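Asker: Top line first, the protein sequences correspond to chains P and L. For the record, in the first sequence the residue sitting at position 275 is 279 according to the numbering used here, with numbers rising by one throughout. For the record, in the second sequence the residue sitting at position 58 is 62 according to the numbering used here, with numbers rising by one throughout.
Number of protein chains: 2
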Amino acid sequence: MFIGYSETETFLRNCRDAVIITHQSPDGDCIGAGFGLKDILAELGIRSRVICSDEFPKRYNFMTSTGAGEDFEPEAIIAVDIADPKLMGKYEEIYGTKVQLCIDHHESNKNYAEKTLLREKATATCEIIYDIAKYMGVTITKHCAMCLYTGIATDSGCFRYDCTTPRAHEIAAEMKRSYDINFAKINRYMFEVKSLGRIKLEAKVTELMEEHLGGKLAVIAVTQDMMKELKITPDELEGFAPLTIQLENTEVGILMREREPNVFKCSFRSADQVNVSAICQTVGGGGHAKAAGCMIEGSLEDAKAYLINAVRKALGE
Amino acid sequence: MFIGYSETETFLRNCRDAVIITHQSPDGDCIGAGFGLKDILAELGIRSRVICSDEFPKRYNFMTSTGAGEDFEPEAIIAVDIADPKLMGKYEEIYGTKVQLCIDHHESNKNYAEKTLLREKATATCEIIYDIAKYMGVTITKHCAMCLYTGIATDSGCFRYDCTTPRAHEIAAEMKRSYDINFAKINRYMFEVKSLGRIKLEAKVTELMEEHLGGKLAVIAVTQDMMKELKITPDELEGFAPLTIQLENTEVGILMREREPNVFKCSFRSADQVNVSAICQTVGGGGHAKAAGCMIEGSLEDAKAYLINAVRKALGE
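1. Looking at C-alpha atoms only, which residue of P:Asn-266, P:Cys-270, P:Gln-250, P:Glu-11 is the closest neighbour of P:Ile-258?
2. Restricting to Cα atoms, I'd like to know which of P:Asn-253, P:Glu-233, P:Ala-72, P:Lys-198 is closest to P:Gly-243.
3. In angstroms, rounded to a whole number, what distance separates the CA positions of P:Thr-145 and P:Ser-10?
4. Assuming L:Arg-273 is part of the beta strand (DSSP E), what are its boundary residues?
5. Report the CB separation of P:Ile-203 from L:Thr-210 in whole angstroms; it is logged as a contact under 8 Å.
6. For P:Thr-68 versus P:Phe-60, is the C-beta distance shorter than 7 Å?
7. In terms of residues, what are the limits of the beta strand (DSSP E) holding L:Ser-52?
8. Between L:Val-315, L:Arg-63, L:Ile-132, L:Arg-316, which lies nearest to P:Asn-253 when the distance is taken from Cα to Cα?
9. Which of the three DSSP states, helix, strand or coil, is assigned to P:Lys-294?
10. What residues from the stretch 187 to 205 of chain P come within 8 Å of chain L, judged by C-beta to C-beta, listed N to C?
11. Buried or exposed, going by whether 16 or more other CB atoms sit within 10 Å of the CB of P:Asn-65?
12. How many angstroms separate the CA atom of L:Cys-19 from the CA atom of L:Ser-52?
13. Assuming P:Ile-25 and P:Tyr-99 form a contact by the criterion Cβ under 8 Å, report the distance between their Cβ atoms to the nearest whole angstrom.
14. Give a yes or no on whether 7 Å exceeds the smallest Cβ distance from L:Glu-252 to chain P.
15. Short of 6 Å in beta carbon distance, which residues of its chain neighbour L:Glu-262, apart from the five on each side in sequence? Order them along the chain.
16. Just tell me which of P:Ile-132, P:Glu-96, P:Lys-94, P:Met-213 has its CA closest to the CA of P:His-110.
17. Taking the runs of the alpha helix (DSSP H) that are 4 residues or longer, which of them lie wholly in the stretch 121 to 181 of chain L?
18. Quick check on this structure: which residue in P:His-292, P:Met-150, P:Lys-294 has the alpha carbon closest to the alpha carbon of P:Met-179?
19. Does chain P have any CB closer than 7 Å to the CB of L:Pro-61?
20. Tell me which residues share the same chain as P:Cys-130 and place their Cβ nearer than 8 Å to its Cβ, disregarding the 5 neighbours each side in the sequence.
21. So, are the CB atoms of L:Val-315 and L:Leu-221 less than 7 Å apart?
22. What residues from chain P crowd round L:Gln-245, counting only those whose CB sits closer than 7 Å?
23. For L:Cys-130, which residues in chain P fall below 9 Å Cβ to Cβ?
24. Strictly below 7 Å CB to CB, what residues from chain L border P:Tyr-165?
25. Have a look at the DSSP bridge pairing and note the partners of L:Met-231.
26. So P:Ala-22 and P:Ile-44 are in contact, right, with Cβ under 8 Å, and what is the actual spacing, rounded?
27. Is there a C-beta anywhere in chain L that falls below 7 Å from the one on P:Arg-181?
28. What three-state label does DSSP hand P:Phe-244 in the structure shown?
29. What residues in the stretch 276 to 292 of chain P bring their beta carbon closer than 9 Å to a beta carbon of chain L?
30. Assuming contact is defined by CB atoms lying nearer than 7 Å, are L:Gln-104 and L:Ala-72 in contact in what I supplied?
31. Just tell me which of P:Thr-286, P:Pro-265, P:Ala-293 has its CA closest to the CA of P:Asp-276.
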């Protein structure tokens, strides 16, 4: 059942011993939402614990270092930023069908919880949680503000992407007026800092970029042989897809990774106009209009030729 | 003489045939301020012309394509985002001592104009111009909003840097509520798009990065021999200094470019704590706390050893 702020307030004020579930492969938004909500519940005198199927990456320590919470038998089960119980990882079995309150901003939310506060236009789940706290009149501590800012900033590419709402900017303005937080330092760690290995790998992978269709399509294809030569696994190439749309005239970028011999995982990015989800759907994939993916079988040359042709059609050429 | 909004309004409402000077090596803020102010004057029925010592780079076409303005003998001389008449380039001789109104946000403003509206805390000159228009009650057209947004976004690294004010976020929020502008597209062109040559050069230059002082200092040193090998000039390495502080533990980054045999131009970046301007001042350079520069003479090894030692001291080690 979908609910509004008033019912959410009622739930939060009356819950106790809450477990707050974040999604697997945790990112800035679910961690910020989890630890931000934990702070808000603490203000209400309610203890809670933030859990995740995976470890929280070290770079988010400034949010998680307050501790995930003590061990207790939970009464309230809350999920944040989780569109589908599958994304709970190892916690799906325990909590997948028992979530009482879900707070989320994903259009694709499966409505799996007893009560769901869904705001699909929100930049981030953290934007919704900030607004709940304001609605409830609960004090937002400095640590809570840092968590909620981080979620909004990371999900919006630091206010760069389409999904950035006016509200996201308003919240950032309110926070900058109210808290002595080193926002620039958070942004540096979220958006600029990389490992030396990552920097060198980006450089090597970029060297592999090819332009097609007069520069409108950029492809980075990495075969298993190349990975052997670069001494990397396909997983180490996660997050490299945006590198494919760095060029000025590029409309579509594709990162192709050979996961098994002649099986390519393809990650698409669209700079502006082309709906890459539609292209991926023609071969059983999917995703969002500007970021999608699919698997393709065949030789590198055949797979590439197929994709180039599909993009050519999508460009209306 | 420094003035406030009221006197600025009086000047703008009563001027005619204005020339608006932007600084040499024009960036998003001075171009946005120039063309934004031109739009505001047009709303008041005042014709103006935007001039610059250098050509406006092509990537800013979405602002400049409305045209710099017709040719006329100017009566009013306005400078935007120019701290020092020297930065007018070839126009210094003609207008350097004749500026009637300067609108600027640089602390280092030389107070060279008859009247100066200086807001040194503002993120960008475009932030000030937006607020003047609001103060005056002049309509801000869609094109004007695009210009002013671009200046605020580019000078703040898309709301990433320390200089980002709450007001910058509020203006972005107001614009997103009021205009049908493809902000994400502007951001892509300002912050993501690079030329293929630039991407490959960044990759090569990154390969040269060395870590010192246990990773707290990163140095990229490019000698004339290396430039010959990479087939580049020192000027092509402009804007590469931020690459030196990409690593997580890096406190200080230095880009060293050998401009003449044994003469190194050194660009410093500080991630957070160290005042690199103070380091540069010890050898006659200067700048801001987080971005500064100096020239050093000597062999590469001697120059590097000197800088490493200076940074070690600044780190209190």
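Cβ coordinates follow ideal geometry from the N, Cα and C atoms, glycine included. Owing to the predicted nature of the structure, the values given are computational and were not obtained by experimental measurement.
Answerer: Quick answer:
1. P:Cys-270
2. P:Lys-198
3. Taking the straight line joining both Cα atoms gives about 22 Å.
4. 267 to 274
5. 6 Å
6. Between P:Thr-68 and P:Phe-60, the C-beta gap is smaller than 7 Å, which places the two residues in contact.
7. Counting along the chain, the beta strand (DSSP E) containing L:Ser-52 begins and ends at 52 to 55.
8. L:Arg-63
9. coil
10. Phe-187, Ala-188, Lys-189, Asn-191, Arg-192, Tyr-193, Phe-195, Glu-196, Val-197, Lys-198, Ser-199, Leu-200, Ile-203, Lys-204
11. exposed
12. 10 Å
13. 6 Å
14. For L:Glu-252, the answer is yes, since a Cβ of chain P falls inside 7 Å of its Cβ.
15. Thr-227, Gln-228, Phe-268
16. Minimum Cα distance to P:His-110 is reached at P:Ile-132.
17. 129 to 140, 146 to 159
18. P:Met-150
19. no
20. Asp-33, Gly-36, Ala-37, Gly-40, Cys-151, Leu-152, Tyr-153, Thr-154, Gly-155, Ile-156, Asp-159
21. yes
22. The identity of residue 245 of chain L in the sequence shown is Ala, whereas the question assumes Gln. The contacting residues do not exist; L:Ala-245 stays about 13 Å from chain P at best.
23. Residues of chain P passing the Cβ test: none, with the nearest at roughly 15 Å.
24. Ala-188
25. Bridge partners of L:Met-231: none, in fact.
26. Rounded, the Cβ-Cβ distance is 11 Å, inconsistent with contact.
27. yes
28. Coil, per DSSP.
29. Asp-276
30. no
31. Of the candidates P:Thr-286, P:Pro-265, P:Ala-293, the one whose C-alpha sits nearest the C-alpha of P:Asp-276 is P:Ala-293.
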